[in-house]
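Below: the structure, in structure tokens.
Residue numbers (my numbering): 21 to 337.
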């Protein structure tokens, strides 16, 4: 692993986030700088024309913030496409992930998408959000007060921040991965309010999602390869000044021998967030313990040594 395999790491000043929730850096050419909050009275049926099935809707591509360009060849961007709900992939405390097929009728143009929908203001949100939100602020005091007081509007503001933060992080990491190949994340397709559309990672023919690392029992050679991929990915994050913030074997997928990092709404700025180094150290402890328990030698998985390396890469030691 050479230094020139990664983007140059500039010195950073406390309080400036590179994955800025308020003005994501990937937004260009007049795209909105702030997430548009969803209408709490809106239902999926509002998008369904009369000649469509109840679980179909026209593609929302024209209303969304788009992922990095160039868009992958597999992605359907035609406005004539329809989105068909195929079921739920995962439920969680903060969001549910649905499987959607986007297809152009009477053609062979189609793709599978994982659609992450953060819970609205009527539901319990973000069981540990206080620590993660350190260093994230919006400019207007009304919004800050609403988020601090966890009003209905404030909770929806938080949901918008989580969605925008994950989209920004995935967009930046996708670009880094495309350029340097040291980190793999799902391609972030689009963002509308608190709904995030992502590349489906798995078998598209069967609609079967890739297994989580926690479900795998890798042989020794694959175990070493997955650990090396994970260390490379953590170094990429650290050099960008960030930690995953909630890393575990449950938010790492294994697809065709490649480790894919998912679930990044709580990505932590290890400089701007006073608890940043603690989040980073916890990430390392959790994943190192999993690999050690499956037989990887202790000298490879020493949490203190890896944490020290990552903090140095982040420029704070």
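C-beta: ideal position from N, C-alpha, C; glycine also.
Note down the Cα distance separating residue i from residue j, rounded to an integer number of angstroms.
i	j	result
residue 239	residue 299	30 Å
residue 215	residue 139	9 Å
residue 120	residue 235	24 Å
residue 277	residue 311	16 Å
residue 260	residue 334	7 Å
residue 217	residue 262	23 Å
residue 241	residue 279	14 Å
residue 197	residue 187	15 Å
residue 319	residue 189	31 Å
residue 222	residue 283	16 Å
residue 130	residue 122	5 Å
Helix, strand or coil for residue i per DSSP?
i	result
residue 104	strand
residue 284	coil
residue 87	coil
residue 134	strand
residue 200	helix
residue 192	helix
residue 263	strand
residue 115	strand
Counting along the chain, where does the alpha helix (DSSP H) carrying residue i start and finish?
i	result
residue 210	It is not in any alpha helix (DSSP H) - residue 210 instead sits in the beta strand (DSSP E) that spans 208–212.
residue 126	Counting along the chain, residue 126 falls outside any alpha helix (DSSP H), and DSSP gives it neither H nor E.
residue 219	Run containing residue 219: none in the alpha helix (DSSP H); it sits in the beta strand (DSSP E), 215–219.
residue 325	323–333
Just confirm the distance between the C-beta atoms of residue i and residue j, as a whole number of angstroms; I'd bet it's less than 8 Å.
i	j	result
residue 233	residue 287	That belief does not hold up - the Cβ atoms of residue 233 and residue 287 are roughly 19 Å apart, past 8 Å.
residue 100	residue 124	6 Å
residue 209	residue 219	7 Å
residue 301	residue 327	5 Å
Need the endpoints of the beta strand (DSSP E) that residue i sits in, please.
i	result
residue 301	Residue 301 -> not in any beta strand (DSSP E); alpha helix (DSSP H) instead, spanning 296–313.
residue 6	Only positions 21 to 337 of the chain appear in this structure, which leaves residue 6 out of reach.
residue 255	No beta strand (DSSP E) holds residue 255; the alpha helix (DSSP H) holding it covers 240–259.
residue 76	76–78
residue 275	272–275
* For the stretch 283–294 and the stretch 246–254, state whether three or more C-beta atom pairs, one from each stretch, are separated by less than 8 Å. => Segments in contact, no.
* At a cut of 8 Å, does the stretch 85–92 reach the stretch 102–116 through at least three beta carbon pairs? -> With the rule of 3 Cβ pairs closer than 8 Å, the stretch 85–92 does not count as touching the stretch 102–116.
* Asked: For the stretch 254–274 against the stretch 201–208, are there 3 or more C-beta pairs whose distance is under 8 Å?
  -> Yes, they touch.
* Asked: Between the stretch 221–230 and the stretch 261–269, do at least 3 Cβ pairs fall closer than 8 Å?
  -> Touching, no, given that fewer than three Cβ pairs across the two stretches are closer than 8 Å.
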